[in-house]
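Using the UniProt record's numbering, read the sequence shown as starting at 1 and increasing by one per residue. Every residue, glycine too, gets a C-beta built ideally from N, C-alpha and C.
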Amino acid sequence: MTLFDFAVTTIFAREFLEGAIIIGEYRTIVLQQKSQDIQVTNDADSEESEQPEENVMNQDERGDRRKSRLSDDQRRKLRLIWLCAIIATVLALAVIAAIAIPLAILSSNFNNSTSKIIEGISKIVAGICLLQLSLKIPKFLGLYLSCKPKKEGVEHEGLTTREIKFNVTWNIWREVAECGVFLIPFFLSGENLKSIPLSAVIGSVVGLAIGLGIYFANQTLKHNKLWLAIFAVLLLVFLSAGLLTGGVHNLEVELGSTKTIWELEGSFWDVNRLPMTVLKPFGYNDSRTVLEICTYWSWLCLSAFLHYRKYKRAPKPNDVETRLELSSNSEGDVAEMDEGDETNQQKDIEVEYGTEHKNKPSITAANTETFSQGESFSQ
Numbered sequence: 001m002t003l004f005d006f007a008v009t010t011i012f013a014r015e016f017l018e019g020a021i022i023i024g025e026y027r028t029i030v031l032q033q034k035s036q037d038i039q040v041t042n043d044a045d046s047e048e049s050e051q052p053e054e055n056v057m058n059q060d061e062r063g064d065r066r067k068s069r070l071s072d073d074q075r076r077k078l079r080l081i082w083l084c085a086i087i088a089t090v091l092a093l094a095v096i097a098a099i100a101i102p103l104a105i106l107s108s109n110f111n112n113s114t115s116k117i118i119e120g121i122s123k124i125v126a127g128i129c130l131l132q133l134s135l136k137i138p139k140f141l142g143l144y145l146s147c148k149p150k151k152e153g154v155e156h157e158g159l160t161t162r163e164i165k166f167n168v169t170w171n172i173w174r175e176v177a178e179c180g181v182f183l184i185p186f187f188l189s190g191e192n193l194k195s196i197p198l199s200a201v202i203g204s205v206v207g208l209a210i211g212l213g214i215y216f217a218n219q220t221l222k223h224n225k226l227w228l229a230i231f232a233v234l235l236l237v238f239l240s241a242g243l244l245t246g247g248v249h250n251l252e253v254e255l256g257s258t259k260t261i262w263e264l265e266g267s268f269w270d271v272n273r274l275p276m277t278v279l280k281p282f283g284y285n286d287s288r289t290v291l292e293i294c295t296y297w298s299w300l301c302l303s304a305f306l307h308y309r310k311y312k313r314a315p316k317p318n319d320v321e322t323r324l325e326l327s328s329n330s331e332g333d334v335a336e337m338d339e340g341d342e343t344n345q346q347k348d349i350e351v352e353y354g355t356e357h358k359n360k361p362s363i364t365a366a367n368t369e370t371f372s373q374g375e376s377f378s379q
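Okay, structure coming up:
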């Protein structure tokens, strides 16, 4: 019985990563609302500066109080996000423990074959979870936009404390509780219970670290997210294929094995020894059956197809900016055409006026001098 299980680590890493992404999204909303309020305050201050000087001191004091109140409100909402996340995590872990204890007691009736089958199913579930996560990575990094239309006025209203309490608590509780759902096969197997604590801690730390990295990447990186997304997607896809293939192989061993294609001999190629054991999570094995080969490459092809479809269907920031630029250019062209039409109409009116009614010649300095000389000559 081992103290570490990669499938358990994967489950906790995935769920805690999604939880970290959720917390980061709500923090971003609060911070963006703060920046918008500061911009509105600055605009109001610039307008108030044009008013009489006798009211400037009182207006400046009101502006300072307004800014400090917004800053306090921001800090209060950020603390509330963390508090709700911690409470939701504790409640979800309590529910998981309440489910795990009776299932662990029932697991004493299972034999070794049943445990292997349950372990294989758990690896298959973990592989599917990793593929789903890889499809979300580009959206997490801002390379894809949400397909849901934004409601008018949502960005300017901001988040209320009631919305933060419900949304953050529910989403974080759901993510952590999903760990318990995926761990049910381990609770039933009984043999891998000792591997859950250490694997859960490692997976949680890894998931939170990756989520923190994605959050800071969204805050700092503006033009270098593409290669980060490609690396993360490839890593998750190959991990997913490896876990799924390993789970299928566990089922194959217990339910009936297919023909072995090759088998590598020697301690260097042993899947349970260094250095090749490092590649085991990515699908490496020192022997391959027909089912393993078909599963591995079919899963990679399916992953490529799903990512290609996601790339084609998901809206991108560049596409939105291009559409906005084209629409603004078209509006500018229409405005220029309107100005040109008005100028041409004005010229036509001037020409028509000049042909029918001749304007009086303007009196210049030379005309004034000639007129004065003619007047003196007549005298």
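Can the beta-carbon of threonine 295 be found less than 9 Å from the beta-carbon of threonine 220?
-> As a first step, residue 295 is located in the sequence shown; it is residue number 295 there, counting from the start. As a first step, residue 220 is located in the sequence shown; it is residue number 220 there, counting from the start. Contact flag unset, no.
Whole-Å CB distance - leucine 80 paired with threonine 161, under 8 Å assumed | For this step, residue 80 is matched to residue 80 along the sequence shown. For this step, residue 161 is matched to residue 161 along the sequence shown. The Cβ separation is near 6 Å, so the contact holds.
So glycine 120 and asparagine 218 are in contact, right, with Cβ under 8 Å, and what is the actual spacing, rounded?
-> As a working mapping, residue 120 is identified with position 120 in the sequence shown. As a working mapping, residue 218 is identified with position 218 in the sequence shown. Incorrect: roughly 37 Å between the Cβ atoms, too far for contact.
Return yes when the Cβ of alanine 100 is within less than 9 Å of the Cβ of leucine 31, no when it is not.
-> Walking along the sequence shown from the start, residue 31 turns up at place 31. Walking along the sequence shown from the start, residue 100 turns up at place 100. In this structure, alanine 100 does not lie closer than 9 Å to leucine 31 by Cβ.
Is the beta carbon of serine 199 less than 9 Å from the beta carbon of aspartate 73?
-> Taking the sequence shown and counting its residues from 1, the one referred to as residue 199 is at position 199. Taking the sequence shown and counting its residues from 1, the one referred to as residue 73 is at position 73. No, the Cβ-Cβ distance between serine 199 and aspartate 73 is not below 9 Å.
Please confirm if the stretch 302-322 is in contact with the stretch 128-135, defined as three or more CB-CB distances below 8 Å between the two stretches.
-> yes
Aspartate 286 and glutamate 263 look like a contact to me (Cβ under 8 Å); what is the Cβ gap, rounded to whole Å?
-> Position 286 of the sequence shown, counted from the start, is the residue given in the question as residue 286. Position 263 of the sequence shown, counted from the start, is the residue given in the question as residue 263. Indeed they touch by this definition, with Cβ atoms about 7 Å apart.
If we ignore side chains and look at the alpha-carbon of each, how far apart do valine 248 and lysine 77 end up?
-> Taking the sequence shown and counting its residues from 1, one reaches residue 248 at position 248. Taking the sequence shown and counting its residues from 1, one reaches residue 77 at position 77. Each residue's alpha carbon lies about 46 Å from the other.
On the DSSP bridge assignment, give the partners of threonine 260 in chain order.
-> Within the sequence shown, the letter at position 260 stands for residue 260. Partner(s): Thr289.
Distance CB(valine 233)-CB(lysine 259) smaller than 9 Å | For the purposes of this step, residue 233 is taken as the residue at position 233 of the sequence shown. For the purposes of this step, residue 259 is taken as the residue at position 259 of the sequence shown. Not in contact: valine 233 and lysine 259 (Cβ atoms no closer than 9 Å).
Run through DSSP, which three-state label would glycine 266 get?
-> Counting from one through the sequence shown, the residue named residue 266 turns up at place 266. Secondary structure at glycine 266: coil, using DSSP grouped into helix, strand and coil.
Could you tell me the distance, in whole angstroms, from the CA atom of leucine 145 to the CA atom of isoleucine 21?
-> Translated into the one-based positions of the sequence shown, residue 145 becomes position 145. Translated into the one-based positions of the sequence shown, residue 21 becomes position 21. Straight-line Cα distance between these residues: approximately 15 Å.
Cα-Cα separation between alanine 85 and lysine 225, rounded to whole angstroms | Here residue 85 refers to the residue found at position 85 of the sequence shown. Here residue 225 refers to the residue found at position 225 of the sequence shown. Cα-Cα distance, rounded: 27 Å.
Bounding residues of the alpha helix (DSSP H) (the contiguous stretch that carries arginine 273) = Along the sequence shown, one-based indexing puts residue 273 at 273. Per DSSP, arginine 273 belongs to no alpha helix (DSSP H) and is neither H nor E.
Are the beta-carbon atoms of isoleucine 214 and leucine 130 separated by less than 9 Å?
-> Stepping through the sequence shown from its first residue, residue 214 is reached at position 214. Stepping through the sequence shown from its first residue, residue 130 is reached at position 130. The answer is no: Cβ separation not under 9 Å.
Cα-Cα separation between leucine 212 and proline 281, rounded to whole angstroms = As a working note, residue 212 is residue 212 in the sequence shown. As a working note, residue 281 is residue 281 in the sequence shown. For leucine 212 and proline 281, the distance between alpha carbons rounds to 24 Å.
Through-space distance from alanine 13 to valine 206, alpha-carbon basis | The residue given as residue 206 occupies position 206 in the sequence shown. The residue given as residue 13 occupies position 13 in the sequence shown. The straight-line gap from Cα to Cα measures roughly 6 Å.
Can you tell which of Ala209, Ser267, Phe186 has the C-alpha that lies nearest to the C-alpha of leucine 106?
-> Taking the sequence shown and counting its residues from 1, the one referred to as residue 106 is at position 106. That would be Phe186, whose Cα lies nearest to the Cα of leucine 106.
Whose CA, out of Arg288, Leu239, Val176, Val201, lies closest to the CA of isoleucine 261?
-> Position 261 of the sequence shown, counted from the first residue, corresponds to residue 261. Per the Cα distances, Arg288.
From Val278, Lys139, Leu243, pick the residue whose C-alpha is nearest to that of proline 315; which is it?
-> Within the sequence shown, the letter at position 315 stands for residue 315. If we check each option's Cα against that of proline 315, Lys139 comes out closest.
Pairwise C-alpha distance: leucine 236 and tryptophan 299 | Residue numbering aside, residue 299 sits at position 299 when the sequence shown is read from its first letter. Residue numbering aside, residue 236 sits at position 236 when the sequence shown is read from its first letter. Distance between the alpha carbons of tryptophan 299 and leucine 236 is about 12 Å.
Which of helix, strand or coil does DSSP assign to tyrosine 284?
-> Mapped onto the sequence shown, residue 284 falls at position 284. Coil at tyrosine 284, not helix or strand.
When burial is assigned at 16 or more other CB atoms within 10 Å of the CB, is alanine 7 buried or exposed?
-> The sequence position of residue 7 within the sequence shown is 7, counting from 1. By the 10 Å Cβ count, alanine 7 comes out buried.
When the Cα of tryptophan 82 is compared with those of Ala97, Gly127, Gly19, which residue comes out closest?
-> Residue 82 sits at position 82 when you count from the first residue of the sequence shown. The residue among Ala97, Gly127, Gly19 with its C-alpha nearest the C-alpha of tryptophan 82 is Gly19.
If we ignore side chains and look at the alpha-carbon of each, how far apart do leucine 17 and glutamate 252 end up?
-> Sequence index remark: in the sequence shown, residue 17 carries index 17 (1-based). Sequence index remark: in the sequence shown, residue 252 carries index 252 (1-based). Cα-Cα distance, rounded: 31 Å.
Drop a sphere of 10 angstroms on the beta-carbon of threonine 10, count the other beta-carbons inside from all chains shown, and report buried for 16 or more, exposed for fewer.
-> As a working note, residue 10 is residue 10 in the sequence shown. Label assigned to threonine 10: buried.
For the alpha helix (DSSP H) containing serine 195, list its first residue and its last residue.
-> Here residue 195 is taken as the residue at index 195 of the sequence shown, counted from 1. Per DSSP, serine 195 belongs to no alpha helix (DSSP H) and is neither H nor E.
Out of curiosity, what's the CA-to-CA distance linking asparagine 167 and isoleucine 96?
-> Here the question's residue 167 lines up with position 167 in the sequence shown. Here the question's residue 96 lines up with position 96 in the sequence shown. Answer to the nearest angstrom: the Cα atoms are 21 Å apart.
Lysine 160, DSSP secondary structure in three states | In the sequence shown, residue 160 corresponds to position 160, counting from 1. With the sequence shown as reference, residue 160 is identified as threonine, and lysine is not the correct amino acid for it. Reduced to three states, the DSSP call for threonine 160 is coil.
Is the distance from the Cβ of valine 176 to the Cβ of glutamate 25 below 9 Å?
-> Sequence index remark: in the sequence shown, residue 176 carries index 176 (1-based). Sequence index remark: in the sequence shown, residue 25 carries index 25 (1-based). Taking 9 Å as the Cβ cut-off, valine 176 and glutamate 25 do not qualify as a contacting pair.
Apart from the five residues just before and just after threonine 2, which ones in its own chain have a Cβ nearer than 6 Å to its Cβ?
-> Mapped onto the sequence shown, residue 2 falls at position 2. Hits under 6 Å: Ser195.
Indicate the three-state DSSP secondary structure (helix, strand or coil) for leucine 17 in the structure shown.
-> Taking the sequence shown and counting its residues from 1, the one referred to as residue 17 is at position 17. Helix.
Alpha carbon to alpha carbon, how far is serine 240 from tryptophan 269? Give it in angstroms, no decimals.
-> Looking up residue 269 in the sequence shown gives position 269. Looking up residue 240 in the sequence shown gives position 240. Cα to Cα, tryptophan 269 sits roughly 22 Å from serine 240.
Please go through the stretch 199-255 and give each complete alpha helix (DSSP H) segment of 4 or more residues, from N-terminal end onward.
-> Counting only runs of 4 or more, we get 225-255.
So, helix, strand or coil for threonine 2, using DSSP?
-> Against the sequence shown, residue 2 aligns to sequence position 2. The answer is coil: DSSP assigns threonine 2 none of H, G, I, E or B.
Coarse secondary structure for alanine 314, derived from DSSP in three states = Here residue 314 corresponds to residue number 314 of the sequence shown, with the count starting at 1. The answer is coil: DSSP assigns alanine 314 none of H, G, I, E or B.
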